[in-house]
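Only one structure is covered here, and it is reproduced in the block below.
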Amino acid sequence: MGTSFFRQSSLQGECMRVSVYVLLIWAIVLSAICADCLAQDTSATPQVTDIADENSVVTFQGKLFSAQKWDVQNHDKGIIRTLNIPVGKRVEKRETVATIDLDRSDYLQYMQDVSTDSLYDIETQIMSNDADIREVQSRIEEVRSLIDNDLATTNDLINLHSELSLLQNEREALLRKKMNEEEDLDDNVKRLRRLLGNEVDRNTIPSSFDVKAPISGVIIDVNRDLRPGMKIPKGTNIVTIGVLDTLKIKANIFESDARRIRVGADALFTVSAIPDRQFEAKVTYLSQTPIAADINQPSYYEVELETSNPDLMLLEGYVAQVLVPD
Numbered sequence: 001m002g003t004s005f006f007r008q009s010s011l012q013g014e015c016m017r018v019s020v021y022v023l024l025i026w027a028i029v030l031s032a033i034c035a036d037c038l039a040q041d042t043s044a045t046p047q048v049t050d051i052a053d054e055n056s057v058v059t060f061q062g063k064l065f066s067a068q069k070w071d072v073q074n075h076d077k078g079i080i081r082t083l084n085i086p087v088g089k090r091v092e093k094r095e096t097v098a099t100i101d102l103d104r105s106d107y108l109q110y111m112q113d114v115s116t117d118s119l120y121d122i123e124t125q126i127m128s129n130d131a132d133i134r135e136v137q138s139r140i141e142e143v144r145s146l147i148d149n150d151l152a153t154t155n156d157l158i159n160l161h162s163e164l165s166l167l168q169n170e171r172e173a174l175l176r177k178k179m180n181e182e183e184d185l186d187d188n189v190k191r192l193r194r195l196l197g198n199e200v201d202r203n204t205i206p207s208s209f210d211v212k213a214p215i216s217g218v219i220i221d222v223n224r225d226l227r228p229g230m231k232i233p234k235g236t237n238i239v240t241i242g243v244l245d246t247l248k249i250k251a252n253i254f255e256s257d258a259r260r261i262r263v264g265a266d267a268l269f270t271v272s273a274i275p276d277r278q279f280e281a282k283v284t285y286l287s288q289t290p291i292a293a294d295i296n297q298p299s300y301y302e303v304e305l306e307t308s309n310p311d312l313m314l315l316e317g318y319v320a321q322v323l324v325p326d
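Quick note: the sequence shown, position 51, residue 51 per the UniProt record's numbering, numbers continuous.
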């Protein structure tokens with residue numbers, strides 16, 4: 001009976017040890033489960049950061065446009081001789097984009113404006129007047145000699161001096177007329193040089209004139225109705241030249257976004273035409289009044305950005321997806 005008691009005590013001790021081992025295993029399993037749950041909670045934290053980052057950026061759409069554009073027109077009517085206006089062509093200031101043959105009636109009128117015929121007539125009159133003055137002066141000397149010999153009277157001398165005075169007054173008037181004629185002629189030459197080029201001079205008018213680019217830039221639009229040999233009136237739009245080295249982005253943004261943007265802020269943008277590239281820009285303008293003042297309409301504010309475009313990859317009209325850090 002003593003042996004049985006000891007066996008029973010031994011079995012009870014063994015059972016207690018097994019129970020402890022089971023409890024330890026469960027404790028380890030529970031610890032692992034809790035650690036996994038904590039890891040999942042920790043991994044959710046960056047998602048909150050991402051949302052915060054998104055909320056710290058103002059996003060909107062805008063359109064690219066050239067801030068400086070110039071419609072190039074012909075200064076006078078005529079017939080188109082040549083056109084050099086492919087869209088996308090880069091042109092320099094004063095580069096020829098078209099050559100126009102002058103209308104015949106205009107050519108004759110301009111030739112009359114720079115003609116020296118009137119000036120030549122005045123100079124001829126001055127030469128004749130000078131000859132008359134010399135003749136009267138010679139006669140005055142003769143009369144004086146005759147008076148000394150009692151062969152002429154002083155009245156003859158007085159009459160000659162009166163005639164000389166009239167001739168001298170006539171000469172002064174002719175000189176003034178010549179000066180005015182030269183001034184008018186020079187003014188006409190300057191005016192027509194601005195219109196037709198530096199080939200214009202006295203008695204010289206070119207039969208055609210060049211239409212030149214007023215600025216350096218890129219041809220962004222052409223008058224597709226024009227053809228060589230066509231007669232066109234003065235002021236016809238031939239091409240439109242735009243400066244594309246620097247472009248503007250214009251957009252209308254909601255009031256909640258407008259209050260988060262400041263002039264001078266840096267921005268990034270993309271365009272669907274070039275999806276693999278991101279471009280830099282800078283906010284240059286933000287309106288302080290809404291576009292529509294109607295109280296029943298939502299308030300939108302105009303914003304402009306500027307971006308550099310030295311390689312001319314960006315074109316006017318591209319839609320930009322803009323991101324401005326708050």
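Every residue, glycine too, gets a C-beta built ideally from N, C-alpha and C.
C-beta atoms of residue i and residue j nearer than 8 Å
i           : j           : result
residue 219 : residue 239 : yes
residue 281 : residue 307 : yes
residue 254 : residue 300 : yes
residue 302 : residue 212 : no
residue 91  : residue 241 : yes
residue 215 : residue 174 : no
residue 114 : residue 204 : yes
residue 190 : residue 63  : no
residue 108 : residue 98  : no
residue 140 : residue 160 : yes
residue 116 : residue 193 : no
residue 257 : residue 58  : yes
residue 339 : residue 133 : Past the boundaries of the shown model lies residue 339; the chain is included only from 1 to 326, so the question cannot be answered.
residue 265 : residue 324 : yes
residue 263 : residue 320 : no
residue 326 : residue 66  : no
residue 234 : residue 74  : yes
Closest Cα partner of residue i within the set the options
i           : options               : result
residue 227 : 171, 85 and 175       : 85
residue 153 : 143, 161 and 162      : 143
residue 283 : 267, 290 and 61       : 267
residue 118 : 177, 99, 106 and 66   : 177
residue 245 : 200, 262, 315 and 184 : 315
residue 184 : 222, 145, 162 and 112 : 112
residue 278 : 313, 69 and 223       : 313
residue 87  : 221, 225, 65 and 294  : 221
residue 137 : 304, 162 and 69       : 162
residue 181 : 149, 127, 120 and 129 : 120
residue 60  : 260, 101 and 68       : 260
residue 287 : 295, 297 and 304      : 304
residue 230 : 197, 103 and 70       : 103
residue 285 : 225, 275 and 252      : 252
residue 169 : 69, 126, 93 and 68    : 126
With 16 other Cβ atoms within 10 Å as the buried cut-off, status of residue i
i           : result
residue 248 : buried
residue 291 : exposed
residue 318 : buried
residue 110 : buried
residue 322 : buried
residue 105 : exposed
residue 310 : exposed
residue 131 : exposed
residue 195 : exposed
residue 217 : buried
residue 100 : buried
residue 39  : Only weak support exists for where residue 39 lies, its pLDDT of 44 falling under 50; the coordinates are left without a value.
residue 135 : exposed
residue 26  : With a pLDDT of only 47 at residue 26, under the threshold of 50, the placement of this residue in the model should not be trusted; the figure read from the coordinates follows. It is exposed - the Cβ of residue 26 has fewer than 16 other Cβ atoms within 10 Å.
>> Measuring CB atoms only, is the stretch 200-210 touching the stretch 71-83, in the sense that at least three cross pairs come out at less than 8 Å?
In response: yes
>> Going residue by residue through the stretch 180-216, where are the continuous beta strand (DSSP E) segments of at least 3 residues, counting only ones entirely within it?
In response: 208-212
>> To test your reading of the DSSP string, which unbroken alpha helix (DSSP H) runs of 4 or more residues are found completely within the UniProt domain "CusB-like beta-barrel" (249-322)?
In response: As far as the UniProt domain "CusB-like beta-barrel" (249-322) is concerned, its whole alpha helix (DSSP H) runs of at least 4 residues are 255-258.
> Taking three-plus beta-carbon pairs below 8 Å as touching, is the stretch 148-167 in contact with the stretch 180-188?
Replying inline: no
> Which full runs of the beta strand (DSSP E) of 3+ residues lie inside the stretch 72-129, going along the chain?
Replying inline: 78-83 and 96-102
>> Going residue by residue through the stretch 219-252, where are the continuous beta strand (DSSP E) segments of at least 3 residues, counting only ones entirely within it?
In response: 237-242
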